[in-house]
Amino acid sequence: APKPAPKPAPKPAPKPAPKPAPKPAPKPAPKPAPEPPVPRATPAPAGCKNLLTPAKKRWFIGDYDKDYHCGWFGTDRVERCEQYGGAEFAHKPSGMTAREACCVCGGGTTARKPAPKPAPKPAPKPAPKPAPKPAPKPAPRPAPKPAPKPAPAPPSGKQVWWPAFNSRACRPGPESRGKELKKELYDTREACCEKHFQDNRKACLERDWA
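Add 6 to a position in the sequence shown, counting from 1, and you land on the number used in our numbering.
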């Protein structure tokens, strides 16, 4: 009998192509370092003032370059005051250094203005004295009433006149009264006045004895 045809050998499965290795991601370019900020001037301590030169001018380094004054030291106080603040860079005519003249370097002056004197207190005004009260006027005293005249005694005998030398006139009265007083008696006033009061005769004749 015929021999069967030999079977073909199985073909091996194709191997997968090797994958390429992954390429590393590109590194970013390094950024340039930021520029240092521009240093700002360091403010002087409160109440401090930079010293002036003997010529009353602004202090500066040496004797030639006026740009290197206290303001220049303040822009980089730590380094500049340390490096340039000594005697080597002193102001030539006066010998004053930045550490002596500039507040930012620890120099300058802090002399304070004298405190204003308090305004004097006004002297207290004395209390006004009360106006003196006028003394009370005494109440007017009533005028004394004249004592009542005694009623004339009834006449005893005829009326006569005798001189009253205290009154410089001739007084009338009863004859008994005149004799009692031991007077010089006259029958009329005219005769009495003529005898004793010739220099005052008119007043003697007009005297009212009521």
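For every residue, glycine included, the Cβ atom is placed at its ideal position computed from N, Cα and C.
Could you tell me which of the options sits nearest to residue i, measuring between CA atoms?
i      : options                          : result
MET102 : ASN56, LYS139, PRO142 and LYS123 : ASN56
GLU106 : GLY92, LYS98 and PRO99           : GLY92
CYS76  : LYS98, GLY112, SER100 and PRO60  : GLY112
PRO51  : CYS109, PHE171 and GLY184        : CYS109
ARG195 : PRO28, SER173, TRP168 and LYS185 : TRP168
ALA61  : ILE67, SER100 and GLU190         : SER100
THR115 : ASP73, SER182, GLY53 and SER173  : GLY53
LYS201 : ASP214, ARG174 and LYS21         : ARG174
TYR192 : THR81, ARG207, VAL166 and GLY179 : VAL166
LYS63  : ARG177, PRO126, HIS97 and TRP215 : HIS97
Please name the residue or residues paired with residue i in a DSSP beta bridge.
i      : result
ALA170 : ALA175
GLY68  : HIS97
THR59  : Beta-bridge pairing links THR59 to no other residue.
THR116 : Answer by DSSP bridge pairing: none, since THR116 is not bridged.
Residue i lies in the alpha helix (DSSP H); which residues open and close that run?
i      : result
TRP215 : Neither: TRP215 is in no alpha helix (DSSP H) and is coded neither H nor E.
PHE79  : 76-80
VAL84  : 83-90
CYS198 : 195-202
ALA104 : 104-107
ARG183 : 181-186
Output the distance between the C-alpha atoms of residue i and residue j, rounded to the nearest integer angstrom.
i      : j      : result
PHE171 : ALA149 : 30 Å
ALA129 : LYS123 : 17 Å
PRO146 : LYS139 : 20 Å
Under 8 Å by Cβ, that's how I've got residue i and residue j pegged, so tell me the actual separation to the nearest angstrom.
i     : j     : result
PHE79 : CYS87 : 6 Å
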